[in-house]
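*Asks:*
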Amino acid sequence: MKPRKASGSSEKKKILIVDDHPLLRVGLGRVIDQQEDMAICGEADDGPSGLAAVEKYKPDVAIVDISLESGTGLDLIRDIQAHHPEIPVLALSVHHENLYAERAMRAGAKGYVMKREPVDNVLAALRKVLRGHMAVSENVIGRIVAHSGADKTGKECISVETLGNRELEVFRLLGNGLGTRDIASRLGVAVSTVETYRAGIKKKLGLANNAELLCQAARFAANESSD
0 MKPRKASGSS
10 EKKKILIVDD
20 HPLLRVGLGR
30 VIDQQEDMAI
40 CGEADDGPSG
50 LAAVEKYKPD
60 VAIVDISLES
70 GTGLDLIRDI
80 QAHHPEIPVL
90 ALSVHHENLY
100 AERAMRAGAK
110 GYVMKREPVD
120 NVLAALRKVL
130 RGHMAVSENV
140 IGRIVAHSGA
150 DKTGKECISV
160 ETLGNRELEV
170 FRLLGNGLGT
180 RDIASRLGVA
190 VSTVETYRAG
200 IKKKLGLANN
210 AELLCQAARF
220 AANESSD
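Have a look at this one:
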């Protein structure tokens, strides 16, 4: 957790960055510090230090990466909203909005931006959130509305969207080649917990065995990286 001295006017809005890539924190931080209406107040690289930074610096907006080294950004977003509901969160991710944006919004995020977006789009999203607006595409809003009004008794098609947040993270990490012990270490949980997630994933996706699970996970990771 690192403090960042805000430059210029004290009227600038305070922005906190939580991302496990130092280059992104430095690069995005410099761009934000160049703005007339906002400045970086601090940065962190994982969930625990991110929550501590929120409590220490009380930012006007926290930018949170969805995929952190320890735990997930979704967990951090949920924790921020539980302890500091007055602080809005803008989710930042390499993952396509069709898969993660709705989950981020349900966790409490007020916006979602993909890392491949131009920096001007990130700044625009920040300003929307600072004004109290939602910073997501019409497509995401439509999906959330549709799912909210859907018949909960009906069975959905087999899809990764049936997975819980932790199950989806485990599924993604399996597809990236991580074993059960590596995933447990990455997420900070017991090996038995990861095994339970694996069993739940197989059941929800209708997969017969571990070979099918690994095959589908690898296919998912390949499709995600090509988006």
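Quick note: the sequence shown, position 17, residue 16 per numbering that gives the first Met the number 0, numbers continuous. Even glycine gets a Cβ: it sits at the ideal position worked out from N, Cα and C.
Does the distance from the CB of residue 68 to the CB of residue 185 come in under 9 Å?
*Replies:* Within the sequence shown, numbered from 1, the residue matching residue 68 stands at position 69. Within the sequence shown, numbered from 1, the residue matching residue 185 stands at position 186. Yes.
*Asks:* With a 10 Å radius around its C-beta and 16 neighbouring C-beta atoms as the bar for buried, classify residue 117 as buried or exposed.
*Replies:* By 1-based counting over the sequence shown, the position of residue 117 is 118. Its Cβ having fewer than 16 others within 10 Å, residue 117 is exposed.
*Asks:* May I have the straight-line CA-CA distance separating residue 172 from residue 215, to the nearest angstrom?
*Replies:* Position 173 of the sequence shown, counted from the first residue, corresponds to residue 172. Position 216 of the sequence shown, counted from the first residue, corresponds to residue 215. Cα to Cα, residue 172 sits roughly 12 Å from residue 215.
*Asks:* At the level of alpha carbons, what is the spacing between residue 126 and residue 211?
*Replies:* Your numbering for residue 126 matches position 127 in the sequence shown. Your numbering for residue 211 matches position 212 in the sequence shown. Each residue's alpha carbon lies about 44 Å from the other.
*Asks:* Is the CB-CB distance between residue 108 and residue 88 below 9 Å?
*Replies:* Translated into the one-based positions of the sequence shown, residue 108 becomes position 109. Translated into the one-based positions of the sequence shown, residue 88 becomes position 89. Result yes, Cβ atoms of residue 108 and residue 88 sit closer than 9 Å.
*Asks:* Beta carbon of residue 106, beta carbon of residue 135: below 9 Å?
*Replies:* In the sequence shown, the residue the question calls residue 106 occupies position 107. In the sequence shown, the residue the question calls residue 135 occupies position 136. In this structure, residue 135 does not lie closer than 9 Å to residue 106 by Cβ.
*Asks:* Under a Cβ-count criterion, where at least 16 other Cβ atoms within 10 Å of its own Cβ denotes burial, should residue 152 be classed as buried or exposed?
*Replies:* One-based indexing of the sequence shown puts residue 152 at position 153. Below a pLDDT of 50, predicted positions are generally treated as unreliable, and residue 152, at 40, falls in that range; the measurement from the model is reported next regardless. That one is exposed.
*Asks:* Looking only at its own chain, which residues have a Cβ that is under 6 Å from the Cβ of residue 174, when we skip the five neighbours before and after it?
*Replies:* On the sequence shown, residue 174 is found 175 positions in, with the first residue counted as 1. These residues qualify, in order along the chain: 216, 217, 219 and 220.
*Asks:* Taking residue 41 as part of the beta strand (DSSP E), name the residues at either end of that continuous run.
*Replies:* Here residue 41 refers to the residue found at position 42 when the sequence shown is read from its first residue. Note, residue 41: beta strand (DSSP E), 37 to 43.
*Asks:* If we ignore side chains and look at the alpha-carbon of each, how far apart do residue 206 and residue 98 end up?
*Replies:* As a first step, residue 206 must be located in the sequence shown, where it is residue number 207. As a first step, residue 98 must be located in the sequence shown, where it is residue number 99. Distance between the alpha carbons of residue 206 and residue 98: 20 Å.
*Asks:* Name, in chain order, the residues that DSSP records as bridge partners for residue 128.
*Replies:* Position 129 of the sequence shown holds residue 128. Note: residue 128 sits in no beta bridge, so no partner.
*Asks:* Could you name the residues of the same chain whose beta carbon sits closer than 7 Å to that of residue 189, not counting the 5 residues immediately before and after it, in chain order?
*Replies:* Translated into the one-based positions of the sequence shown, residue 189 becomes position 190. Correct list, in chain order: 183.
*Asks:* Taking the alpha carbon of residue 70 as the reference point, which residue from 164, 24 and 54 has its own alpha carbon closest?
*Replies:* The count along the sequence shown starts at 1 and reaches residue 70 at position 71. When only C-alpha atoms are compared, the closest one is 164.
*Asks:* So, helix, strand or coil for residue 104, using DSSP?
*Replies:* Numbered from its first residue, the sequence shown carries residue 104 at position 105. If DSSP states are grouped into helix, strand and coil, residue 104 belongs with the helices.
*Asks:* Assuming residue 59 contacts residue 31 under a Cβ cut-off of 8 Å, what Cβ separation, rounded to an integer in Å, is found between them?
*Replies:* The residue given as residue 59 occupies position 60 in the sequence shown. The residue given as residue 31 occupies position 32 in the sequence shown. The Cβ separation is near 12 Å, so there is no contact.
*Asks:* Using DSSP with H/G/I as helix, E/B as strand and the rest coil, what is residue 135?
*Replies:* The residue given as residue 135 occupies position 136 in the sequence shown. Looking at residue 135 - three-state DSSP - the assignment turns out to be coil, as it is neither helix nor strand.
*Asks:* Just to confirm before moving on: does the CB-CB distance between residue 64 and residue 18 stay below 9 Å?
*Replies:* The count along the sequence shown starts at 1 and reaches residue 64 at position 65. The count along the sequence shown starts at 1 and reaches residue 18 at position 19. Result yes, Cβ atoms of residue 64 and residue 18 sit closer than 9 Å.
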